[in-house]
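Notes follow the structure.
Protein chains: 2
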Amino acid sequence: MSGTDPVCTETAPSAAHGGPVSVALARVARMHRIAAGRRLRELGLYPGQEMMMMRLWDCGPVRQSELIQSLGLDASTVTKMLQRMEHCGLVLRRPDPADRRAVLVEATDEGRSLRVGVEGVWSDLEQASLSGLGPDDRAELERLLGVVADNLREEAGEAGECPAPPRGC
Amino acid sequence: MSGTDPVCTETAPSAAHGGPVSVALARVARMHRIAAGRRLRELGLYPGQEMMMMRLWDCGPVRQSELIQSLGLDASTVTKMLQRMEHCGLVLRRPDPADRRAVLVEATDEGRSLRVGVEGVWSDLEQASLSGLGPDDRAELERLLGVVADNLREEAGEAGECPAPPRGC
DNA sequence: ACCCATTGCTTGGCCAGCCAAGGTAATCTG
DNA sequence: CAGATTACCTTGGCTGGCCAAGCAATGGGT
């Protein structure tokens, strides 16, 4: 703060003086991920898998390529994650008859059964994170995060929506 | 957005309706990390290592345990990261003569030489992320993130400061 | 009809990060 | 002073996540 102490009195590293918001964002993001991980563990999920399941709950049988697109993840990441989740019985994969390259992914009953739990985790996480913030503050935070997301979207890939719903999607 | 379409028209998964801010935060965090990773790669750093280096630049020779504390990471994570960074010549490790359990860590000259580059990366990232936001919006975002960090701090570990500067720290 | 670019997915390799378990050294306690 | 506890670090094992390289199927161009 003040005084002659040259360094290391602040929580933010001095080399990051050019990006205080980025520092705060990185810290919050890690904490948030940890907090989510703790809650998800009790459901038998690892962090990141909850987003996959949400996508599957919304979309029904989907092509893996669409999951990659909508989650904004690398193809290999999705492949491996789905392999593990299939092995755990959360997910079902089968070749797409219309395109023998593609793989259709679908939540199993066991996977669907997690929905309530995940929704609870997510709500609880929201409540824990935003404690002490009124509705207007929350809306403002959401708005500002949206702006940042738009700024980073072009250079850091996309986490968009389901592009072309062929049927139930 | 409107109409009878039941699902999967929104960018946010419907199962996450209970936590819109958490969804936004998770998305922004991943984009932000990717954007940071792209920039850091050109410096020869992996994401996460820049924070380590910042700490070392600020603190000089530090105990590994203090790094663990200030970065809020797991001890094993720090051990392995430092082993790799030492092998790359960014960092120097030696046993603490005052406590033979402890390890003192210090940036090498090569490690110190990255400081300018990392500062540039961080500033550039800040600028890219916050484009379109005025000073008041930025301050507001920082404030709100601070509140969230405080909320999550107790349950998700700490990323605090250098606790007891023995000398140069 | 054929060749080639594109798309979709997989594999291998690497790093960040977590937990659990273990080993050594310092410190607290009886 | 000896034994128990605590602090510090390391190792192994697992997942998320990335990139690069590779393979198979589709589709477009000539």
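Chains as they are written, first to last, in our numbering: chain A, 16 to 184; chain B, 16 to 184.
Don't be surprised by glycine CBs; every beta carbon is placed ideally from N, CA and C.
Residue 28(B) is positioned such that its CB atom lies closer than 7 Å to that of residue 73(A). Under the 10 Å beta carbon count, residue 77(B) is surrounded by 16 or more other beta carbons and is classified as buried. Counting along the chain, residue 121(A) sits inside the beta strand (DSSP E) bounded by residues 114 to 122. For residue 55(B), the closest Cβ of chain A is not nearer than 7 Å. For residue 86(B), the three-state secondary structure derived from DSSP is helix. CA-CA distance, residue 105(A) to residue 136(A), rounds to 18 Å. The closest CA to that of residue 103(A), considering only 110(A), 122(A), 88(A), is found on 122(A). Here residue 150(B) carries a helix assignment [DSSP, helix/strand/coil].
Of all residues in the segment 121 to 149 of chain A, only 130, 133, 134, 137, 138, 140, 141, 143, 144, 145, 146, 147, 148 place a beta-carbon less than 7 Å from a beta-carbon of chain B. For residue 163(B) against residue 43(A), the beta-carbon gap comes to about 5 Å, under 8 Å, which counts as contact.
No Cβ-Cβ contact shorter than 7 Å links residue 37(B) with residue 166(A).
Residue 113(A) has its alpha-carbon roughly 43 Å from the corresponding atom of residue 63(B).
For residue 69(A), the chain B residues whose Cβ falls inside 7 Å of its Cβ are 28, 30, 31, in order along the chain.
For residue 105(B), no beta strand (DSSP E) segment is defined, and its DSSP state is neither H nor E.
In this structure residue 66(A) touches residue 86(A) by the C-beta definition: roughly 6 Å separates them, less than 8 Å. Judged by DSSP secondary structure, residue 51(B) falls within the alpha helix (DSSP H) whose first and last residues are 35 to 56. Within chain B, no residue has its CB atom less than 9 Å from the CB of residue 78(A), the nearest being about 13 Å off. By the Cβ-count criterion, residue 84(A) is buried, with 16 or more other Cβ atoms from all chains shown falling within 10 Å of its own Cβ. With respect to residue 60(A), residue 34(B) sits apart: the two C-beta atoms are not nearer than 7 Å. Residue range 130 to 145 is occupied by the alpha helix (DSSP H) that includes residue 143(B).
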